[in-house]
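Student: Got a structure for you, written out below as structure tokens; questions coming shortly.
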Ligand code: ADP
Ligand code: GLC
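Here it is in structure tokens:
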């Protein structure tokens with residue numbers, strides 16, 4: 001199948017979270033499965049320095065695109081998806097993308113990402129590429145289905161057979177702007193096709209139009225697909241998702257095992273496997289040493305790697321973790337950045353427990369891998385979690401996760417039962433401090449039973465959530481949407 005992919009992130013070139021991991025892995029695994037896949041992503045400022053490694057595309061130089069009243073030009077440059085010969089198509093438009101981060105707060109996010117979709121479609125025309133499937137990710141690309149039905153509908157030769165799939169990684173981000181944006185983006189002429197209730201309320205949402213017009217919709221786990229149909233989790237989209245019925249499904253993310261495998265990971269202090277865990281002990285020792293912490297005598301090392309947002313459940317953590325650190329010899333190693341109030345609370349935790357807790361503020365790929373490998377337990381008590389990748393990585397790295405039973409966490413982690421020896425982590429139900437506390441008591445009890453712990457680690461490492469397995473579900477979805 002011919003697949004065009006449009007997204008705001010694509011690891012390792014542009015990543016702020018799991019969206020980047022998924023959009024970086026899909027092209028690689030689809031290509032391996034024999035498909036012709038062409039991913040499009042903006043050329044952000046961080047890639048400008050390594051520009052000499054990018055190859056300009058001759059047929060797409062200074063291409064003008066009219067977005068509403070304004071004409072902007074872009075050029076395409078490519079670099080291979082690492083480990084493959086599949087090119088990533090970078091949309092080079094410095095006026096829009098030459099900003100410090102992936103996302104900006106300059107008041108033109110709607111133009112930046114509407115333009116990305118236009119550039120991807122115009123590039124398909126220029127390269128003579130007729131996608132069977134256009135796979136759009138999150139609100140940034142969610143106008144693609146509407147644009148194909150309107151502004152690009154004339155090009156039946158190129159797009160007549162194109163079906164659209166929209167994957168919603170996080171329904172909390174909807175790309176909602178004032179209603180005037182519709183005119184600004186040149187959609188005034190198709191006003192009857194726009195979401196009338198929103199317009200009447202003075203707003204325009206990218207994601208809403210994807211939900212209305214994509215041929216198929218998905219989110220990143222089955223449980224979250226069910227949750228999103230409820231008012232509690234649908235963030236105002238539940239009604240519109242319910243209206244799409246069977247067109248909306250859930251597919252759990254996979255692990256890109258080229259990047260996340262303890263046997264081969266070049267970022268680790270030592271490599272290891274389920275058969276020989278001595279390398280894991282070495283990672284633990286070196287991680288604690290690098291952070292200036294002595295190894296704990298009787299308790300585990302807890303790790304966190306996360307965007308710091310309300311989604312991730314830190315509000316529970318700040319009630320429970322101080323008690324854990326005060327009562328036990330446990331260590332806590334945290335990497336992340338985001339909301340200032342969470343960052344400050346972790347700073348405070350480090351000040352209160354200088355011999356036990358470390359907080360590294362920022363984004364650090366190497367440290368993220370080293371925490372997955374060097375910690376004994378991974379903490380992810382999310383309030384909600386569409387899928388979550390870190391719990392998948394941590395299981396693979398022999399670091400059982402503590403998760404709340406929500407979204408993809410519910411679909412991928414099974415609570416460890418010391419009697420039967422079954423399970424891959426620790427799962428609590430209620431989003432309350434007592435819920436998390438209960439899970440931590442379970443962790444400490446399992447930790448004291450060394451044979452049980454060894455079993456738990458083996459179970460976790462034996463799970464297979466690789467893209468080798470999960471990619472089939474996307475292939476099936478693509479086939480389904482094509483009616484094949
Ligand atoms: P989300 O996409 O909601 O942030 P996921 O668990 O799906 O959650 O994916 C998070 C991804 O981002 C993982 O690859 C994780 O290692 C990475 N990550 C998050 N915060 C950081 C950080 N501060 N430094 C490095 N990697 C990070
Ligand atoms: C979003 C979700 C996360 C998911 C990731 C990749 O960022 O918050 O749960 O794993 O997308 O799909």
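Numbering (the numbering used here), first residue to last: 1 to 484.
The beta carbon of each residue, even a glycine, is placed where N, CA and C say it ideally should be.
Taking 7 Å as the cut-off, is the beta-carbon of residue 207 closer than that to any non-hydrogen atom of ligand 2?
Tutor: The answer is no for residue 207.
Student: Tell me where the alpha helix (DSSP H) around residue 168 begins and ends.
Tutor: Unbroken run through residue 168 is the beta strand (DSSP E), 163 to 168; no alpha helix (DSSP H).
Student: Measure the Cβ-Cβ separation of residue 56 and residue 75 and say whether it is below 8 Å.
Tutor: Contact: yes.
Student: Residue 395 to residue 421, Cα distance in whole Å?
Tutor: Taking the straight line from one Cα to the other gives about 16 Å.
Student: Here's the rule I'm using: 16 or more other beta-carbon atoms within 10 Å means buried, otherwise exposed. How should residue 467 be labelled?
Tutor: Buried: at least 16 other Cβ atoms inside 10 Å.
Student: Looking only at C-alpha atoms, which of 118, 109, 119, 39 sits nearest to residue 87?
Tutor: Checking every option, the nearest Cα to that of residue 87 belongs to 39.
Student: Let me make sure I understand the geometry here. Which of 35, 66, 224, 211 has the alpha-carbon closest to that of residue 132?
Tutor: The shortest C-alpha separation from residue 132 is found at 35.
Student: Who are residue 36's beta bridge partners in DSSP?
Tutor: DSSP lists 2 as partners of residue 36.
Student: Keeping to the same chain, check which residues put their C-beta closer than 6 Å to that of residue 223; ignore five residues upstream and five downstream.
Tutor: So the qualifying residues of the chain are 407, 410, 411.
Student: Using only Cβ atoms and a threshold of 7 Å, which residues come within that distance of a heavy atom of ligand 2? Order them by chain position.
Tutor: Qualifying residues, in the order they occur: 17, 18, 19, 21, 22, 169, 170, 220, 253, 311, 385, 386, 387, 388, 389, 407, 408.
Student: Flag residue 305 as yes when its Cβ comes closer than 7 Å to any non-hydrogen atom of ligand 1, and as no otherwise.
Tutor: Yes.
Student: Going by Cα to Cα distance, which pick from 32, 308, 97, 400 is closest to residue 302?
Tutor: It is 400 whose Cα lies nearest to the Cα of residue 302.
Student: DSSP three-state label for residue 315, please.
Tutor: Correct three-state label for residue 315: helix.
Student: Does the structure place the segment 370 to 385 close enough to the segment 279 to 293 that three or more beta carbon pairs sit under 8 Å?
Tutor: Result yes; three or more Cβ-Cβ pairs closer than 8 Å.
Student: Can you give me the Cβ contacts of residue 84 inside the same chain, cut-off strictly under 7 Å, excluding the 5 residues immediately before and after it?
Tutor: So the list reads 28, 31, once near-sequence residues are dropped.
Student: Just to confirm, is the Cβ distance from residue 470 to residue 259 under 8 Å?
Tutor: Result no, Cβ atoms of residue 470 and residue 259 do not sit closer than 8 Å.
Student: Starting from the Cα of residue 92, find the closest Cα among 105, 138, 41 and give me that residue.
Tutor: Among 105, 138, 41, the Cα nearest to that of residue 92 belongs to 41.
Student: Which residues does DSSP pair with residue 422 in a beta bridge?
Tutor: Answer is 417, bridged to residue 422.
Student: Mark residue 180 as exposed unless 16 or more other C-beta atoms lie within 10 angstroms of its C-beta, in which case mark it buried.
Tutor: Counting Cβ neighbours within 10 Å, residue 180 comes out exposed, since fewer than 16 surround it.
Student: Any heavy atom of ligand 1 closer than 7 Å to the Cβ of residue 365?
Tutor: Yes, Cβ of residue 365 sits closer than 7 Å to a heavy atom of ligand 1.
Student: Tell me which same chain residues have a C-beta within less than 6 Å of the C-beta of residue 234, skipping the five on either side of it?
Tutor: Same-chain partners within the cutoff: 228.
Student: Using a 10 Å radius around the Cβ and a threshold of 16 neighbouring Cβ atoms, would you call residue 110 buried or exposed?
Tutor: Answer is buried; the Cβ neighbour count reaches 16.
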